[in-house]
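Numbering (the numbering used here), first residue to last: 178 to 444.
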């Protein structure tokens, strides 16, 4: 369910929890509305859903908490290499036959002046995951950044009593690193935008106000329900070949595709 909500949110907002920060750094107008929707989604989850869902915690033997190599009786390194090399090969093959440069020209003739190779960027994100694991013993994930931002309200006694489940996200080095990562994403996007003189397109290329808000809302409700987003589940979880992450990621894109088709038919 959480993965499907993320998929619907991605269609509505044209973003995922991680790229909200990227879009904000580049100055995309609707991204700030999406961010507000995401913050409201976090509040909604921790006010009304978290206690109900935590009562239904899975046992440690649940299949969704298992890793694919363990279920198959195969050594982790072998299956990880097979999956990794397969996905890298698919990425570069697709880029060869469908060059990303072809997508830099929009339908009305507007051309994006610069972009990096998606395949190489994907490799870079994978290396970033490795850096996080070695340096901080922490997997890559960014949707928790919204939770950490909202949790800062718990420094005030009133909010601490109102949403006690957020208190664990208020302090600590791990939470500080998560917040720093989100802020660094905004800063990096801003630097990239300014240095390439590639400023955002006008509002007709982005989602409208209501789609941005409700898309952001669903993105973060879904991310909290699923225990991660496209980065936490889709990158970190899948890189560990966790069954739950494979299911969640399939639900994200499957739910998004189905909703996009239906949404396109009625609009």
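The beta carbon of each residue, even a glycine, is placed where N, CA and C say it ideally should be.
Determine whether the beta carbon atoms of residue i and residue j lie at a separation below 8 Å.
i, j, result
"residue 327", "residue 398", "no"
"residue 355", "residue 321", "yes"
"residue 239", "residue 272", "no"
"residue 339", "residue 187", "no"
"residue 421", "residue 242", "yes"
"residue 216", "residue 323", "yes"
"residue 230", "residue 402", "yes"
"residue 197", "residue 212", "yes"
"residue 185", "residue 436", "yes"
"residue 318", "residue 405", "yes"
"residue 281", "residue 296", "no"
"residue 256", "residue 245", "yes"
"residue 333", "residue 352", "no"
"residue 413", "residue 266", "no"
Sort out for me which residues DSSP pairs residue i with in a bridge.
i, result
"residue 244", "419"
Quick one: grab the DSSP three-state call for residue i.
i, result
"residue 279", "helix"
"residue 204", "coil"
"residue 352", "helix"
"residue 311", "helix"
"residue 320", "coil"
"residue 429", "helix"
"residue 188", "helix"
"residue 402", "helix"
"residue 387", "helix"
"residue 333", "coil"
"residue 410", "helix"
"residue 340", "coil"
"residue 347", "coil"
"residue 375", "coil"
"residue 369", "helix"
"residue 211", "helix"
"residue 236", "coil"
"residue 193", "coil"
"residue 292", "coil"
"residue 444", "coil"
8 Å is my cut-off, CB to CB: does residue i come that close to chain C?
i, result
"residue 218", "No chain C is part of this structure, which consists of one protein chain only."
Any contact of the segment 192 to 202 with the segment 388 to 397, i.e. 3+ C-beta pairs under 8 Å? yes
Assess, as a yes-or-no matter, whether the segment 203 to 216 is touched by the segment 359 to 372 under the definition of 3 or more beta carbon pairs within less than 8 Å. The answer is yes - the segment 203 to 216 touches the segment 359 to 372, with three or more Cβ pairs under 8 Å.
Do the segment 304 to 315 and the segment 339 to 349 make contact, defined as three or more Cβ pairs closer than 8 Å? no
So, does the segment 424 to 433 touch the segment 179 to 190, judging by three or more C-beta pairs under 8 Å? yes
Considering only residues of the segment 249 to 279, which uninterrupted alpha helix (DSSP H) runs meet the minimum length of 4 residues and lie entirely inside it, listed in chain order? 253 to 274
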